[in-house]
Amino acid sequence: MILAACQPEDDFRSDSESAAGGASASGAAAQPAQPGVSVSAVQSLAGEVDVANPLEAYTVAVEQLASAREATGANVNAALQHLANARSAYDKMFRESARKLDSDIDSLIGGAFSDAEKAARTAKQSTVGLSQQRIGISLLNVAYLNVEAALTSGDGPGASQWLAVLLEPEEGDGISDLSSIVTEAAADPSKLLPSARETVLDELLSNFAGKVSEETIEALVALEGGRSAVAAEEAAEGLAYYRIIQPDLRAKLGEQPDTELADELEAFLGHSKNGNLLKAREAAQEISTLLATYQKAG
1 MILAACQPED DFRSDSESAA GGASASGAAA QPAQPGVSVS AVQSLAGEVD VANPLEAYTV
61 AVEQLASARE ATGANVNAAL QHLANARSAY DKMFRESARK LDSDIDSLIG GAFSDAEKAA
121 RTAKQSTVGL SQQRIGISLL NVAYLNVEAA LTSGDGPGAS QWLAVLLEPE EGDGISDLSS
181 IVTEAAADPS KLLPSARETV LDELLSNFAG KVSEETIEAL VALEGGRSAV AAEEAAEGLA
241 YYRIIQPDLR AKLGEQPDTE LADELEAFLG HSKNGNLLKA REAAQEISTL LATYQKAG
């Protein structure tokens, strides 16, 4: 739930962004003027949300990010408020475990929020959209790491709570059976959780690898239709999903294939942004080959 009382503050950045040297999004002079709004009056806003569990926090965050994108270019204060609300949801339920399990993800999310705020101030809706993709899928990454940690430690309820984030309807296609597996294992964790851990993590990673492939195909379809902005968002999603499988992929295939896949996905994103269909197709073929090798190794 979004709380009504949200007051302006001097700085919208998180502590991790400041520590990591992330770009500051403060400075209203970069604002485009809008009807009825003084540029100098547009400040960063404090977000405050009331969330009780990771699934609620995830739902609020993605909804607020989508609203921020929609408001960009039309109402800068509204866009900034939605971003502040999304950040608050992240801070309340995701940030502590992100810092503990993989601080790089926390830095990535903090940087994406900074990029989104700067883009909202300058009416760059496509850039807000890219940040929306990076943050949303990075939240899934945090949820996956929490599921992995909970299953490893024998915490069945914790695994179920975080698994719920990954089983959202649009994300859980084909893996809805995992919830019952974890619930049953939690009843007798010493005997059942070890085998459940392997099954659950393998299915999740396979699902995310499939998402990388799906987003690559969707980006190509968008490029073929001349929609490079949409293609870039799809490519960004593919790259974000790759980051979830990256540790497992490197462990199974080694450093060189992992580096090659990362490079091809980055190149594919660049070609998508530039509308270069021929180069994007070449990169997509390499991505497909490397993903197939990974999935066979599983």
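Residue numbers are given in the working numbering: position 207 of the sequence shown equals residue 207, and the series is strictly consecutive.
Backbone N, C-alpha and C fix where the C-beta goes; we use that ideal spot for every residue, glycine too.
Since the structure is predicted, the reported quantities are computational estimates derived from the model, not experimental observations.
{"query": "Residue 143 to residue 238 span [Cα, whole Å]", "result": "17 Å"}
{"query": "7 Å Cβ shell around residue 260 - same chain, five flanking residues per side excluded", "result": "290"}
{"query": "Beta-carbon proximity of residue 141 to residue 69, cut-off 8 Å", "result": "no"}
{"query": "Contained beta strand (DSSP E) runs [length at least 3] in the stretch 109-171, N- to C-terminal order", "result": "none"}
{"query": "Residue 62 versus 183, 275, 230, 136, residue with shortest Cα-Cα distance", "result": "136"}
{"query": "Beta-carbon contacts of residue 159 that lie in its chain and below 6 Å, excluding the five residues immediately before and after", "result": "147, 150, 151, 182"}
{"query": "Beta-carbon proximity check, residue 112 vs residue 72, cutoff 8 Å", "result": "no"}
{"query": "Sequence-distant residues of its chain with Cβ nearer than 6 Å to residue 49 (five each side left out)", "result": "2, 60, 85, 88, 89"}
{"query": "Closest residue to residue 46 among 100, 58, 117 (Cα-Cα distance)", "result": "117"}
{"query": "Close beta carbons around residue 258, own chain, < 7 Å, minus the five adjacent residues each side", "result": "246, 249, 250"}
{"query": "Opening and closing residue of the alpha helix (DSSP H) in which residue 268 lies", "result": "255-274"}
{"query": "Pairwise C-alpha distance: residue 176 and residue 53", "result": "19 Å"}
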